[in-house]
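Residue numbers (the working numbering), protein chains in the order written: chain A, 5 to 185; chain B, 131 to 606. Just so it is clear, CB atoms sit at the ideal spot from N, CA and C, and this is done for glycine as well. Bear in mind that the values here come from a model prediction, so they are computed numbers and not experimental data.
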Ligand code: SF4
């Protein structure tokens, strides 16, 4: 039985869900026996392979590159998990949405509080275009499982992954497993 | 044929970084730049929120160092309340902050950078990661995982959650340490010290193997800044700001964090969402300064009382590095020494008779309308500056983030490495990994630095001398 191809990615989030994944600690040894990390921030792969089995997508969609990446992740994976509250609801990053003029968000950081060469960055390779609104990933792609939590605890991540390893996709139940925050 | 190479994404760093390397017609490197491609705008969207929410919101700037934001935010809150927090409240905050320094530095050394040391910079990218280390050296990987777990457990025992605990608050902390929690922390001290000393011996053993990398991986003079204690000792929570120059002379001392605007300026460059802080009196870019583990060990006069092992290591660190250390690869070395100091100081706090006292929070209201809270995040000095109205609603926020202050230094490092290793259009993968390893030395938290996190780490795009994209070198 060859190993399950696991990939992870962080979009408009804080990386806390990935840190919670690493809080699986020594269980990572057990995971490594049944799964192989084929893409993600902790591995050096530069391209998403085409045959990903399970894709953990952390973070909201805040800019056009997030949008491109989540669509690519969807295209190249069988089972896509909205990993953490930012991916599931948009969470803290969406606080930007209630500000009417998005440009003021940039102006505060790059004009008002800058001492030298105040300008809005936008060089060719710099900064992907901000989306007008920060949105959760299910507004862009079909999500197979929502894993809430900010971040979901390592125990909750383990429960979800064990479900998938055993090839049944029953939803998690109980307050310990499905709680925001 | 002139080209520009973009390494995009930079892997095994936290957040989203991109490096572009512009080549001259003869293939030599004209310039290499480090860009950060993400923005969320915490400074703007926190306006109108109540002061007491700020710790919970700003923690979500970063999942690796949320505790730093909790600390800086709560200290800003203390100053706005104009309240003195109970002594045990401060001691517990310090224990949690040390727990974070341990877990974050262990992550950087074992999970993110050890693959470069275990497999070598030119090794196959496929196994050059924590899972590769788990296969090649399971014992080392397990020890590293357990060391990070120790730091995370300290945070969880105190705050109830390993990441984003809702525990630090203006006026102190919400819940005291239980005796049971104290016992568990004590029970893991010995193993943590042992693992850290092992990692130190491994790293010191490799210093001669990486002799020439040490010379060119971000080896240049700069100022260094960090908090230091009352009599100049290593400090991670309180104290005042000190700048030293590349020879170790104190340039400015006992600076009040409240006046950071007088000594920390911020410049903007067109090609990055990451602003460029500099030491104001020397102007931009001459006022370049580095923060974080290397800076803290350069600015402090001594490690402080109660950490004999770390004190001995600091002396050897300075002997090996030539007094004040300007070589950025020594950031890895400094992180290990800081883990050791963290474990020793936590051990000392656990012996403090008052550590399980239950009076851990002072209650007060809005007494000041503006304040600055500062703490040492694993990656460097972090400033939170809030203004509030009479009801305690935030009217203005400015955040000077740890990693951002190394932006100039990271750019210099990337430029130095690229110019040394990259010759001509064909660029072997190992060379690109050296540029990334230069960025990794700073253990940058890009999610923090632009108060944002975005797309994947480092990819390489070739740009012609005329600026047009000619080719995209991607690997893996
Ligand atoms: S859900 Fe929480 S922990 Fe996860 S990325 Fe978002 S803010 Fe960070």
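Bridge partners - residue 161 of chain B, DSSP secondary structure assignment
Stepping through the second chain from its first residue, residue 161 of chain B is reached at position 31. Residue 161 of chain B pairs with B:152.
Any heavy atom of the ligand SF4 closer than 7 Å to the Cβ of residue 194 of chain B?
Translated into positions along the second chain, residue 194 of chain B becomes position 64. No, the beta carbon of residue 194 of chain B sits no closer than 7 Å to any heavy atom of the ligand SF4.
Tell me, please, whether the stretch 281-299 of chain B touches the stretch 225-242 of chain B by the rule of three or more beta-carbon pairs shorter than 8 Å.
yes
So is residue 154 of chain B buried or exposed if we call it buried at 16+ other beta carbons inside 10 Å?
By one-based count along the second chain, residue 154 of chain B stands at place 24. By the neighbour-count rule (16 or more Cβ atoms within 10 Å), residue 154 of chain B is not buried but exposed.
Just to make sure I have the definition right: I need the residues of chain B whose C-beta is within less than 8 Å of the C-beta of residue 155 of chain A. Which are they?
As a working mapping, residue 155 of chain A is identified with position 151 in the first chain. Within chain B, the residues near residue 155 of chain A are 193, 293, 294.
For a cutoff of 8 Å on Cβ pairs, would you count residue 280 of chain B as touching chain A?
Walking along the second chain from the start, residue 280 of chain B turns up at place 150. No, because no Cβ of chain A sits closer than 8 Å to the Cβ of residue 280 of chain B.
Determine the closest residue to residue 82 of chain B out of B:212, B:345, B:438, B:261, with distance taken between C-alpha atoms.
Outside the shown range of chain B (131 to 606) lies residue 82 of chain B, about which nothing can therefore be said.
Cutting at 7 Å between CB atoms, please list the residues of its own chain near residue 22 of chain A, excluding the five before and the five after it.
In the first chain, residue 22 of chain A corresponds to position 18, counting from 1. Here the set comprises 12, 14, 45, 62.
Pairs of beta-carbons, one from the stretch 299-311 of chain B and one from the stretch 210-227 of chain B, closer than 8 Å: are there three or more?
yes
Expected contact under 8 Å - CB spacing of residue 433 of chain B and residue 363 of chain B to nearest Å:
Your numbering for residue 433 of chain B matches position 303 in the second chain. Your numbering for residue 363 of chain B matches position 233 in the second chain. Contact holds; Cβ gap of about 7 Å.
Where the alpha helix (DSSP H) through residue 329 of chain B begins and ends:
Within the second chain, residue 329 of chain B is the residue found at index 199, counting from 1. Looking at the DSSP string, the run of the alpha helix (DSSP H) that includes residue 329 of chain B is 319-336.
Please tell me whether, using a cut-off of 7 Å, the distance from the CB of residue 13 of chain A to the nearest non-hydrogen atom of the ligand SF4 is below it.
Mapped onto the first chain, residue 13 of chain A falls at position 9. No - the ligand SF4 has no heavy atom lying nearer than 7 Å to the Cβ of residue 13 of chain A.
Would you list, in chain order, the members of the stretch 15-40 of chain A that have their beta-carbon closer than 8 Å to a beta-carbon of chain B?
15, 16, 17, 18, 19, 20, 21, 22, 23, 24, 26, 27, 29, 30, 32, 33, 36, 40
Is residue 383 of chain B helix, strand or coil by DSSP?
Along the second chain, read from residue 1 onward, the residue named residue 383 of chain B stands at position 253. DSSP places residue 383 of chain B in strand when its eight states are reduced to three.
Please classify residue 392 of chain B: is it buried, with 16 or more other beta-carbons within 10 angstroms of its beta-carbon, or exposed?
Locating residue 392 of chain B in the second chain gives position 262, counting from the first residue. Looking at its Cβ environment, which holds fewer than 16 other Cβ atoms inside 10 Å, residue 392 of chain B is exposed.
Identify each residue in the stretch 218-244 of chain B for which the Cβ-Cβ distance to at least one residue of chain A is less than 8 Å, and report them in chain order.
237, 241, 242
So with Cβ pairs under 8 Å, would you call residue 93 of chain A a contact of chain B?
Within the first chain, residue 93 of chain A is the residue found at index 89, counting from 1. No, no contact with chain B.
Is residue 187 of chain B a contact residue of the ligand SF4, with contact defined as CB to any heavy atom under 7 Å?
Counting from 1 along the second chain, the entry for residue 187 of chain B is found at position 57. For the ligand SF4, not one heavy atom lies less than 7 Å from the Cβ of residue 187 of chain B.
Just list the residues that DSSP pairs residue 84 of chain A with in beta bridges.
Position 80 of the first chain, counted from the start, is the residue given in the question as residue 84 of chain A. A:59.
Are residue 356 of chain B and residue 429 of chain B close, meaning C-beta to C-beta below 8 Å?
Position 226 of the second chain, counting from 1, holds the residue named residue 356 of chain B. Position 299 of the second chain, counting from 1, holds the residue named residue 429 of chain B. Contact flag set, yes.
Just to confirm, are residue 184 of chain B and residue 505 of chain B a CB contact at a threshold of 8 Å?
Within the second chain, residue 184 of chain B is the residue found at index 54, counting from 1. Within the second chain, residue 505 of chain B is the residue found at index 375, counting from 1. Their beta carbons are not under 8 Å apart, which means residue 184 of chain B does not touch residue 505 of chain B by this criterion.
Could you name the residues of chain B that residue 103 of chain A contacts, counting a contact when the two beta carbons are closer than 7 Å?
For the purposes of this step, residue 103 of chain A is identified with residue 99 of the first chain, where counting begins at 1. The contacting residues are 174, 175.
At the 8 Å Cβ level, is residue 123 of chain A part of the contact set with chain C, yes or no?
Looking for chain C here will not work: the only protein chains present are A and B.
Leaving out the 5 sequence neighbours to the left and right, which residues in its chain are closer than 6 Å to residue 457 of chain B when beta-carbon positions are compared?
As a working mapping, residue 457 of chain B is identified with position 327 in the second chain. For residue 457 of chain B, where only same-chain residues beyond five positions count, the Cβ hits under 6 Å are 344, 349.
Residue 516 of chain B: first and last residue of the uninterrupted alpha helix (DSSP H) it sits in
Position 386 of the second chain, counted from the first residue, corresponds to residue 516 of chain B. Counting along the chain, residue 516 of chain B falls outside any alpha helix (DSSP H), though it belongs to the beta strand (DSSP E) covering 510-518.
State yes or no: is the C-beta of residue 515 of chain B nearer than 7 Å to some heavy atom of the ligand SF4?
Translated into the one-based positions of the second chain, residue 515 of chain B becomes position 385. Answer for residue 515 of chain B: no, Cβ out of range of the ligand SF4.
When every heavy atom of the ligand SF4 is checked, does at least one fall within less than 7 Å of the C-beta of residue 63 of chain A?
Along the first chain, one-based indexing puts residue 63 of chain A at 59. Because some heavy atom of the ligand SF4 lies under 7 Å away, the Cβ of residue 63 of chain A counts as near it: yes.
Taking Cβ positions only, does residue 60 of chain A come closer than 8 Å to chain B?
One-based indexing of the first chain puts residue 60 of chain A at position 56. No, residue 60 of chain A does not count as interfacial toward chain B.
Three-state class that DSSP yields for residue 575 of chain B in the structure shown
Taking the first residue of the second chain as position 1, residue 575 of chain B is located at position 445. Of the three classes helix, strand and coil, the one that applies to residue 575 of chain B here is strand, per DSSP.
Grouping DSSP H, G and I as helix and E and B as strand, with all else coil, what is residue 525 of chain B?
Along the second chain, one-based indexing puts residue 525 of chain B at 395. Of the three classes helix, strand and coil, the one that applies to residue 525 of chain B here is strand, per DSSP.
Does any CB atom of chain A fall closer than 8 Å to the CB of residue 273 of chain B?
Taking the first residue of the second chain as 1, we reach residue 273 of chain B at position 143. Chain A, which has no Cβ nearer than 8 Å to the Cβ of residue 273 of chain B, makes this no.
Could you tell me whether any Cβ in chain A is nearer than 8 Å to the Cβ of residue 287 of chain B?
Sequence index remark: in the second chain, residue 287 of chain B carries index 157 (1-based). Closer than 8 Å: no.
Using 8 Å as the Cβ pair cut-off and three pairs as the minimum, do the stretch 417-424 of chain B and the stretch 527-538 of chain B touch?
yes
What does the alpha-carbon distance come out to for the pair residue 54 of chain A and residue 77 of chain A?
Translated into positions along the first chain, residue 54 of chain A becomes position 50. Translated into positions along the first chain, residue 77 of chain A becomes position 73. Approximately 9 Å between the Cα atoms of the pair.
What would DSSP say about residue 181 of chain A, mapped onto helix, strand or coil?
Walking along the first chain from the start, residue 181 of chain A turns up at place 177. In this structure, residue 181 of chain A counts as coil in the three-state DSSP scheme.
Can you tell me which of B:173, B:171, B:197 puts its alpha carbon nearest to the alpha carbon of residue 303 of chain B?
In the second chain, residue 303 of chain B corresponds to position 173, counting from 1. Closest option to residue 303 of chain B, Cα to Cα, is B:197.
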